[in-house]
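Keeping their order, the protein sequence lines are chains A and B. Under this note's numbering, the first residue of the first sequence carries the number 1, and numbering increases by one thereafter. Under this note's numbering, the first residue of the second sequence carries the number 1, and numbering increases by one thereafter.
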Amino acid sequence: MSVVAASSVVHLNVVDFQAAVAVAADRGLAGRPFVIAGAASAARAIVLGLSRGAREAGLAVGMSLAAAERHVPGLLVMPPDPVSCARAESAMVRIAGRWAPLVQDDSGGHLFLDLAGTGRIFGAAIDCAVRIRNEMVDSLGLEPTVSVAANMLVAKVAARSIRPAGVAYVRRGDEAAFMSPQDAALLPGVGPAISRVLSVAGIQEIGQLASLSDFEAVALFGKRALALRDAALGIDPTPVARGGLGERAIRRRVDFGSDEIDARAIRAALVAAAEDAGLELRRSLLAAGRLLVVVQYADGCRAEASERPRSPWVLDAELLAAADRTFARAATRRVRLRALALELSALSPARREPDLFVPEGPGKLARLQAAVDRSRTRFGPAAVTRACAIVPSREVFRSTGVVSHAGGASRTGGPG
Amino acid sequence: MGTILVGTSGYSYLEWVGPVYPEGTAREDFLARYAAMFPTVELNFSYYRMPTAAQLGRLAVEAGPALSFSVKANEALTHRIESAAWKDAARTFAAALEPLLEAGRLKAALLQFPYSFHYEVDSRRYLDALLGELGSLPLAVEFRNHEWYNNRVFDALRARSVAVASLDMPELRGLPPVIDVVTAPVAYIRFHGRNARDWWGSDAAARYDYLYSDEELEAWAGRVRGIASRADTVLVYFNNHRRGQAVRNAETFTAILARSGFASVDAFASVDALSTPVASAPADPQ
Chain A
1 MSVVAASSVV
11 HLNVVDFQAA
21 VAVAADRGLA
31 GRPFVIAGAA
41 SAARAIVLGL
51 SRGAREAGLA
61 VGMSLAAAER
71 HVPGLLVMPP
81 DPVSCARAES
91 AMVRIAGRWA
101 PLVQDDSGGH
111 LFLDLAGTGR
121 IFGAAIDCAV
131 RIRNEMVDSL
141 GLEPTVSVAA
151 NMLVAKVAAR
161 SIRPAGVAYV
171 RRGDEAAFMS
181 PQDAALLPGV
191 GPAISRVLSV
201 AGIQEIGQLA
211 SLSDFEAVAL
221 FGKRALALRD
231 AALGIDPTPV
241 ARGGLGERAI
251 RRRVDFGSDE
261 IDARAIRAAL
271 VAAAEDAGLE
281 LRRSLLAAGR
291 LLVVVQYADG
301 CRAEASERPR
311 SPWVLDAELL
321 AAADRTFARA
331 ATRRVRLRAL
341 ALELSALSPA
351 RREPDLFVPE
361 GPGKLARLQA
371 AVDRSRTRFG
381 PAAVTRACAI
391 VPSREVFRST
401 GVVSHAGGAS
411 RTGGPG
Chain B
1 MGTILVGTSG
11 YSYLEWVGPV
21 YPEGTAREDF
31 LARYAAMFPT
41 VELNFSYYRM
51 PTAAQLGRLA
61 VEAGPALSFS
71 VKANEALTHR
81 IESAAWKDAA
91 RTFAAALEPL
101 LEAGRLKAAL
111 LQFPYSFHYE
121 VDSRRYLDAL
131 LGELGSLPLA
141 VEFRNHEWYN
151 NRVFDALRAR
161 SVAVASLDMP
171 ELRGLPPVID
181 VVTAPVAYIR
191 FHGRNARDWW
201 GSDAAARYDY
211 LYSDEELEAW
221 AGRVRGIASR
231 ADTVLVYFNN
241 HRRGQAVRNA
251 ETFTAILARS
261 GFASVDAFAS
271 VDALSTPVAS
281 APADPQ
């Protein structure tokens, strides 16, 4: 046990940011259960934010407003106030910027600061972080949780372990020890798919995940498992980036050893770049609103193409499909490639905790097929079918080809 | 904003005669002298020797009406737990605290668990049962093993209205993380000193031999503010008792809090108080 260099990465996190901004503007809301949602009359409005009281009443972001109102009769519904939220966020960044040379604004009341090198001026990182918090309380009425660690990932887990408020400081070198007894659900990158695998494997704590051997980890989660295990050990090489999400991008570049024209080798490089960028995207709990592919030809020419999604990309499957399409539009010449680069930008916070990766297992189509088969076995062959198979007649075709009658007009059969 | 009470861990140290108590102060007068300086004290002798109701009742009288108490739980409940005997020990301990509790002068009972108390199933069951057994008391727990500092424990303590102590310790690997989390109406802070050199492998006297600088205490004022915004009462105890350093730091910290605008800081520590004779002080130095 030895004296250690101080941790310097600070995470400030205003829990339930939208609700906190609303309370800061109207103190009368403090302690009341309320939600932020679209117009109450909209039939399909969903809960976008909620107060602590609403959370304790069992409500959650993403649930339908109608269900929330059924659950909490007389629930107070506030409209979203993006202007006030943006103003509060800018003010938080401004305050943090007076103390920290590097401020990363992840939006939604999440800031990361790197205070390395400021100790002689401002004192220990934890003391400086508390001063920043208090200044935010005084001038904005917002109280963020404060966590300090050697890297962003551990700082994030520390903040999650103490929320809704408090201070946590993890000494450099104690990352794995601190992470070990925490709930696995607190680990960034543990979304619904990985949670299911953890549940099946009986893994509840981050330490259990960290103690998996290479073989066990890969057997459970597939080839990307080691990234998840590294995270469980508190390893995160990602530096604090400057600026807000709008100014940031995740970039990967592949330089071919010798100029390459083999389509398989080029695709392999593209896939590796997309998967790696996707991993960083999800580790940072972000989604991407733009994908850019740049190709550098052996003759010195350069070409690029980009694509924007209807809703931001999070998963590898989405990124890979977009990368393939974009690459096809960028690399139109039959000339060897010297390098290619991929960039994810227009970043935004992921709506829900994204999986670091989708654990390998039956493919999506296979799982879909299995679910359809289960429904058909239970409810009859006409229970589920493709929309294109719906015919105006009330007759349906069984896969055997025998005509029968069902409640709705549909047609069963093999995948269409 | 909750009320903040600042004091020291223990008051009955012979080496405090001179630096804290006037030369010649008799041991039986220590508490009255102490009560003239601080609004609260953490009793430590109860860890080594099971206290009795009569004993604590006497202390309450000796201290005068203003001093409030926190009492460290006996080692039979935290360090030397015997499965067949701990329930009786818990009942004895709770009964001993009755006079303080009834007089409204018991602020907390402190359960300080050693490093060897791991976050294991048996330990968790024991802690749950112990907290249940002592449920009539305001409770605070201090874990020296880092494994307990996790979200499930915080949630469980919150559900039972039991405080988790915030600790100030040296910057050494393997020590518990710094955590300020309010889980009960009472919040509990212990300053153990930052003597990294003597923390391991030394006796308690050397380990707690440390004098906080004003800058270190100034920084803590900001943290206390955050804690006080979520707790009704914040108890602050300095355990760096060697040569009376805890007293100096407690006084300084009280002054810092008052200067920082904590209207609710309940303290009357002053240099004057140290030199004011109390009625029962012996006339002649011994």
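Virtual Cβ for every residue (Gly too), placed ideally from N, Cα, C. Since this is a predicted model, take the numbers as computed values, not measurements.
For B:L130, the secondary structure class from DSSP, reduced to helix, strand or coil, is helix. A Cβ-Cβ contact shorter than 8 Å links B:V141 with B:V162.
Those residues of the segment 115-139 of chain A placed with their C-beta closer than 9 Å to a C-beta in chain B are G123, A124, I126, D127, C128, V130, R131, R133, N134, V137, ordered along the chain.
Proximity of B:P177 to chain A, defined by a Cβ-Cβ separation below 8 Å, is satisfied. No residue range can be given for B:N195, since it is assigned to no beta strand (DSSP E) and is classified by DSSP as neither H nor E.
Flagged as an interface residue toward chain A: B:E171, by a C-beta distance shorter than 8 Å. Rounded to whole angstroms, A:A184 and B:A54 show a C-alpha spacing of 49 Å. Judged by DSSP secondary structure, A:N134 falls outside any beta strand (DSSP E) and instead within the alpha helix (DSSP H) spanning 125-140. A:I206 and A:R229 have their alpha carbons spaced roughly 9 Å apart. The Cβ atoms of A:E175 and A:G234 lie closer than 8 Å to each other. For A:I235, no pairing in a beta bridge is given by DSSP.
Residues of chain B with a Cβ closer than 8 Å to the Cβ of A:I235 do not exist; the shortest Cβ-Cβ separation is about 17 Å. Its chain contains S161, V162, A163 as the residues whose beta carbon lies nearer than 6 Å to that of B:A184, once the 5 sequence neighbours on both sides are disregarded; these appear in chain order. A:R308 and A:G289 have their C-alpha atoms roughly 6 Å apart. Taking a contact as a CB-CB distance under 8 Å, the pair B:M169 and B:H192 counts as one, their CB atoms being some 5 Å apart.
Around A:P79, the same chain offers I36, A37, G38, A39 as residues with beta carbons nearer than 8 Å, after the five sequence neighbours per side are excluded.
Considering only A:R338, A:L342, A:A124, the residue with the shortest C-alpha distance to A:D324 is A:L342. The three-state reading of DSSP puts B:P99 in helix, counting H, G and I together. Considering only B:T78, B:P99, B:R152, the residue with the shortest C-alpha distance to B:Y48 is B:T78. As summarised for the segment 32-80 of chain B, the continuous beta strand (DSSP E) elements at least 3 residues long and confined to that stretch are 40-43, 68-72, given in chain order. Of all alpha-carbon atoms in A:A265, A:R253, A:A241, A:A322, the one lying nearest the alpha-carbon of A:P101 is that of A:A241. At a cut-off of 8 Å between beta-carbon atoms, B:G18 makes no contact with chain A. Less than 8 Å divides the Cβ of B:P99 from the Cβ of B:L56. By the Cβ criterion, the segment 140-147 of chain A is not in contact with the segment 265-280 of chain A, since fewer than three pairs of Cβ atoms, one from each stretch, lie closer than 8 Å. Between A:R52 and A:P192, the CB-CB gap reaches or exceeds 8 Å. B:G24 has its alpha-carbon roughly 7 Å from the corresponding atom of B:V17.
As the crow flies, the alpha-carbon of A:D299 is around 15 Å from that of A:D255.
Here A:R44 has S64 as same chain residues with Cβ atoms under 8 Å from its own Cβ, once five neighbours each way along the sequence are excluded. Just measuring C-alpha positions, the residue of A:M179, A:A277, A:G173, A:G74 sitting nearest A:A322 is A:A277.
Put simply, the backbone Cα of B:P114 is about 49 Å away from that of A:L344. When rounded, the separation of the alpha-carbon atoms in A:L245 and A:S306 is 18 Å. For A:R308, no Cβ of chain B is located within less than 8 Å of the residue's own Cβ. In the three-state reduction of the DSSP assignment, B:E15 falls in the helix class. Residue contact with chain B for A:L186: present (Cβ-Cβ distance below 8 Å to some residue of chain B).
Assigned with DSSP and collapsed to three states, B:P170 falls in coil, not helix or strand.
With a threshold of 16 other beta carbon atoms within 10 Å, B:W148 meets it and is buried.
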